[in-house]
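Beneath this line is the structure, given in structure tokens, with notes to follow.
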Amino acid sequence: MNLHEFQAKDILARYGLVSPGGAVAITPEEAEAVARRLGSPMIAVKAQVHAGGRGKAGGVRLVTSPHAAREAAAEMLGRKLVTAQTGPEGRIVRRVFVETGLASQRDLNLAVLVDRTLGELVVLGSPEGGEDLEERALKGELKLERLPLGTGATPRHDEALAFAARLGLTGDAAVALAGIVDGLRRAFVELDASLIEINPLALTEDGRLVAFDAKMVIDDNALFRQPELAALRDDEEADPIEVQAQHHQLNYVRLDGDIGLVVNGAGLGLATLDLLREAQGRPANFMDIRTTAKSQHIAYGFGLLFDNPAVKAILVNIHGGGMQPCDTVVEGLGMAARRSGRKIPIVARLAGNNADFARSRFVNFGLPIVECPDMWTAATRAVAIARHGR
Amino acid sequence: MAILVDADTRVLCQGMTGWAGTHHTALMMDYGTRVVAGVTPGKGGRHHLNVPVFDRVAPAVAETGANASMIFVPPAQAAAAMIEAIEAGVGLVVAVTERVPVMDMVRVRAALKGSGTRLVGPNSQGILAPGLAKIGVMGTGSERPGSVGIVSRSASLTTEIVDQITRAGLGQSTTVGVGGDPIHGIGMAECLDLFFADPDTEAVVLIGELGGTEEQEAAEFLQSTGLKKPVIAYLAGRHAPPERRMGHAGTITLHGRGDVVAKTAALRAAGVTVVSGAHRVGETVRQVLGAAAR
Numbered sequence: 001m002n003l004h005e006f007q008a009k010d011i012l013a014r015y016g017l018v019s020p021g022g023a024v025a026i027t028p029e030e031a032e033a034v035a036r037r038l039g040s041p042m043i044a045v046k047a048q049v050h051a052g053g054r055g056k057a058g059g060v061r062l063v064t065s066p067h068a069a070r071e072a073a074a075e076m077l078g079r080k081l082v083t084a085q086t087g088p089e090g091r092i093v094r095r096v097f098v099e100t101g102l103a104s105q106r107d108l109n110l111a112v113l114v115d116r117t118l119g120e121l122v123v124l125g126s127p128e129g130g131e132d133l134e135e136r137a138l139k140g141e142l143k144l145e146r147l148p149l150g151t152g153a154t155p156r157h158d159e160a161l162a163f164a165a166r167l168g169l170t171g172d173a174a175v176a177l178a179g180i181v182d183g184l185r186r187a188f189v190e191l192d193a194s195l196i197e198i199n200p201l202a203l204t205e206d207g208r209l210v211a212f213d214a215k216m217v218i219d220d221n222a223l224f225r226q227p228e229l230a231a232l233r234d235d236e237e238a239d240p241i242e243v244q245a246q247h248h249q250l251n252y253v254r255l256d257g258d259i260g261l262v263v264n265g266a267g268l269g270l271a272t273l274d275l276l277r278e279a280q281g282r283p284a285n286f287m288d289i290r291t292t293a294k295s296q297h298i299a300y301g302f303g304l305l306f307d308n309p310a311v312k313a314i315l316v317n318i319h320g321g322g323m324q325p326c327d328t329v330v331e332g333l334g335m336a337a338r339r340s341g342r343k344i345p346i347v348a349r350l351a352g353n354n355a356d357f358a359r360s361r362f363v364n365f366g367l368p369i370v371e372c373p374d375m376w377t378a379a380t381r382a383v384a385i386a387r388h389g390r
Numbered sequence: 001m002a003i004l005v006d007a008d009t010r011v012l013c014q015g016m017t018g019w020a021g022t023h024h025t026a027l028m029m030d031y032g033t034r035v036v037a038g039v040t041p042g043k044g045g046r047h048h049l050n051v052p053v054f055d056r057v058a059p060a061v062a063e064t065g066a067n068a069s070m071i072f073v074p075p076a077q078a079a080a081a082m083i084e085a086i087e088a089g090v091g092l093v094v095a096v097t098e099r100v101p102v103m104d105m106v107r108v109r110a111a112l113k114g115s116g117t118r119l120v121g122p123n124s125q126g127i128l129a130p131g132l133a134k135i136g137v138m139g140t141g142s143e144r145p146g147s148v149g150i151v152s153r154s155a156s157l158t159t160e161i162v163d164q165i166t167r168a169g170l171g172q173s174t175t176v177g178v179g180g181d182p183i184h185g186i187g188m189a190e191c192l193d194l195f196f197a198d199p200d201t202e203a204v205v206l207i208g209e210l211g212g213t214e215e216q217e218a219a220e221f222l223q224s225t226g227l228k229k230p231v232i233a234y235l236a237g238r239h240a241p242p243e244r245r246m247g248h249a250g251t252i253t254l255h256g257r258g259d260v261v262a263k264t265a266a267l268r269a270a271g272v273t274v275v276s277g278a279h280r281v282g283e284t285v286r287q288v289l290g291a292a293a294r
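Each protein sequence line maps, in turn, to chains A and B. With UniProt numbering, letter number 42 in the first sequence gets 42, and the count goes up by one each step, no holes. With UniProt numbering, letter number 83 in the second sequence gets 83, and the count goes up by one each step, no holes.
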């Protein structure tokens, strides 16, 4: 679960992280009032959406008066912000964070995450900060320093200072960095984060280390023991259909094609999506039925496809396993088809647990089924039907 | 023969008395797996499915000689259950539980260090050695004993590819689900090593997907040891839209290493036959083994 910048800064302040200070506004008037209260000669107005790359996309503006803060906020609020990370559909800006603008003499970057290979916590630091960091890391142009933390114990002071030195910090700034690292580590462990990133972490002209931006992602699997954080979930940031599908034991991702795709299992789903694309087909969605889904959940999922006017064919690829047999899926499909009344050609490939029984259910439901013996045949048939109706 | 398990593997089930534990343990027993004990705190002293139930793992091991554990414990307690089994010296722990918090798995990984335990999972469908043992939740019926080893990150694709391999006239030595979570027990590289050492395995199928670096680590392992047996790989998610999360898959690509193109290149460079369509895996394995036999 992603937190907004203002939420992350608020939470991390409890762990000793210093940020410039500001408040959230949902109207231009509020933005102006916050700016006036801050009383700073420079003000940052920042769109609060769950996506990086805001600066380049015009989602972060530096202004020099409360009136200008109001105008900047008016230009962002209610508008779509399209960044490199939002995809072309962008995100609606519902609130802005109005913050004191400070000058930086140097930018650094700091991240705490779990190293998948080692299975350990690690702090990654770079003596540079900025927006194109990921791109540069990809090209191998970025110098990344590591401070391994094992299961999340406090790093030894001399190790933390040596890490600071590798990031080019000495004296008081190095001691301050050691403190920040320890605070972030504690926040990561106590709050079940899966990523905390401070980029940039600025060395201000008066020698302080200040978080200009903060990103925090919480482990969804641990929300059961983090009720305070779970309450911060912003469902408006997610696609409402995808959120609803989650509640129905379905992993649903909206795409922009004309073939509805239903599978059991994420791996089989990805494989089927690949075949559809190889066959020059365009999936309208990705829908993976979880092992815990009952037929009424599955009916809800098929309902999403029947309700989508763009869907011209439905491709069902089920390999019944130990957890999800074929007939449950067909049961759900039949319920949805009866409710909808809309006739969409259905291409089905059924194998494994209860496949034969599922076939007989198809007949009972009177559904227009094109049954295929394997995944590739099913994918090519679905593409032909979506394109030519047969 | 198989890897990780054999006909004498004595399995205890942590969380056996719950609904899912009962259901799947019964299916495992039907398959012929030697289930010798259950462990559920507070229910020690009873019998369930005709095996004794214990409060703790250690006495269950001491009294029944169990050498493998199957974990059916809910996410909040799953890590503690794994650590208990590791500390009790159980040689093989298979964790089926999905949605275990990642910080919990960091602690499990620390407990594994220096122990004699091999952990499979979490979020794994388990281990299936056709005709010998099933420790997990996979469906059965299309597998048959044979010489192809399978190591996989995806339960659903394993079911599909087991079926294809059987229809191609071959069988499986063992299938191992390493699980789809970022932090897990044994990985693809270690499974390849075990399959290479198993005299009854003639080829290995590796089923991967986008996200993470598991496949690259397998490729690095193969580069360092050389290809001792033919390895055939299928990687799902070539056409998945970037930046979207698809089920457990499609996790954030880290430094360009997580995408299927990078994984394919790494595996090909290590001598692996990478199949581009999921429907052609069985047939490709047959061709590769046919060519190897000539």
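Cβ coordinates follow ideal geometry from the N, Cα and C atoms, glycine included. These numbers come from a predicted model, not from an experiment.
Checklist entry - What distance in whole Å lies between the Cβ atoms of A/G129 and A/N109, which are believed to be in contact at a cut-off of 8 angstroms? => result 4 angstroms
Checklist entry - Looking only at C-alpha atoms, which of B/V35, B/V93, B/G116 and B/R107 sits nearest to B/Q125? => result B/V93
Next on the checklist: In this structure, how does DSSP classify A/N221 when only helix, strand and coil are distinguished?
Outcome noted: helix
Checklist entry - Below 8 angstroms between beta carbons: does that hold for B/V11 and B/I135? => result yes
Item to check | Inter-stretch contact (C-beta, 8 angstroms, three-pair minimum) for the segment 150-170 of chain B and the segment 112-120 of chain B | outcome: no
Checklist entry - Within 8 angstroms (strictly less), CB to CB, does A/V114 reach chain B? => result yes
Next on the checklist: If we require 3 or more residues per run, which beta strand (DSSP E) segments fall completely within the segment 138-178 of chain B?
Outcome noted: 145-152 and 172-177
Next on the checklist: Any beta carbon of chain B sitting closer than 8 angstroms to that of A/N264?
Outcome noted: yes
Item to check | Entirely enclosed alpha helix (DSSP H) segments - the segment 306-361 of chain A, minimum 4 residues | outcome: 326-340
Checklist entry - Given a limit of 8 angstroms on CB to CB distance, which residues of the segment 109-142 of chain B reach chain A? => result R109, A110, Q125, G136, V137, M138, G139, T140, G141 and S142
Checklist entry - Is A/P20 helix, strand or coil by DSSP? => result coil
Checklist entry - Which term fits A/R70, buried or exposed, when burial requires 16 or more other beta carbons within 10 angstroms of its beta carbon? => result buried
Item to check | Beta-carbon gap between A/A173 and A/L209 smaller than 8 angstroms | outcome: yes
Next on the checklist: My output table needs one value for A/E205: the three-state DSSP class, helix, strand or coil.
Outcome noted: coil
Checklist entry - What number of angstroms, rounded off, separates the C-alpha of B/L235 from the C-alpha of A/V98? => result 45 angstroms
Item to check | Counted within 10 angstroms of its Cβ, other Cβ atoms place A/H4 as buried (16 or more) or exposed | outcome: buried
Checklist entry - In this structure, what does DSSP give as the bridge partners for A/S104? => result A/T204
Next on the checklist: Using 8 angstroms for Cβ pairs, my map puts B/T273 next to B/P230. What's the rounded Cβ distance?
Outcome noted: 7 angstroms
Checklist entry - Mind listing which residues of the segment 31-56 of chain B have their C-beta closer than 7 angstroms to chain A's C-betas, in chain order? => result none
Next on the checklist: So with CB distances below 9 angstroms, who are the chain A contacts of B/M213?
Outcome noted: Reading off the sequence shown, one finds Thr at residue 213 of chain B, where the question assumed Met. Here the neighbours are R116 and T117.
Checklist entry - So, is B/S152 buried or exposed, given that buried needs 16 or more other C-beta atoms within 10 angstroms? => result buried
Next on the checklist: What I want to know is whether the C-beta of A/E371 ends up closer than 7 angstroms to one or more non-hydrogen atoms of the ligand SAM.
Outcome noted: The model depicted lacks the ligand SAM and carries no ligand whatsoever.
Checklist entry - How about B/G226: is its C-beta nearer than 8 angstroms to some C-beta of chain A? => result no
Next on the checklist: I'd like to check one pair, A/R61 with B/T213: are the Cβ atoms closer than 8 angstroms?
Outcome noted: no
Item to check | Beta-carbon spacing of A/N353, A/G332 below 8 angstroms | outcome: no
Item to check | Residue-level contact to chain A via CB, B/S154, 8 angstroms cutoff | outcome: yes
Item to check | Residues in the segment 169-194 of chain A having any Cβ partner in chain B nearer than 9 angstroms | outcome: F188, V189, D192, A193 and S194
Checklist entry - Hey, is A/M323's beta-carbon within less than 8 angstroms of any beta-carbon in chain B? => result yes
Checklist entry - Smallest Cα separation from A/G119: which of B/H184, B/I165 and B/M70? => result B/H184
Item to check | Environment of B/Q216 [buried if 16+ CB atoms lie within 10 Å] | outcome: buried
Checklist entry - Does the Cβ of A/G317 have 16 or more other Cβ atoms within 10 Å, making it buried, or fewer, making it exposed? => result Note that residue 317 of chain A corresponds to Asn in the displayed sequence, not to Gly. Classification for A/N317: buried.
Checklist entry - When you compare only the Cα positions, how much space is there between B/H248 and B/G32? => result Residue placement at B/H248 cannot be trusted, given a pLDDT of 42 that sits under 50; what the coordinates show is reported in the next sentence. Those two C-alpha atoms are separated by around 31 angstroms.
Checklist entry - If you draw a straight line from the alpha carbon of B/G65 to that of B/A278, how long is it in whole angstroms? => result 41 angstroms
Item to check | Cβ shell of A/R361 (< 8 angstroms), same chain only, five flanking positions each side left out | outcome: D327, V330, E331 and G334
Checklist entry - Can you tell me the Cα-Cα spacing of B/A269 and A/L276, whole angstroms? => result 27 angstroms
Item to check | Opening and closing residue of the alpha helix (DSSP H) in which A/P373 lies | outcome: Unbroken run through A/P373: none, as it is neither H nor E.
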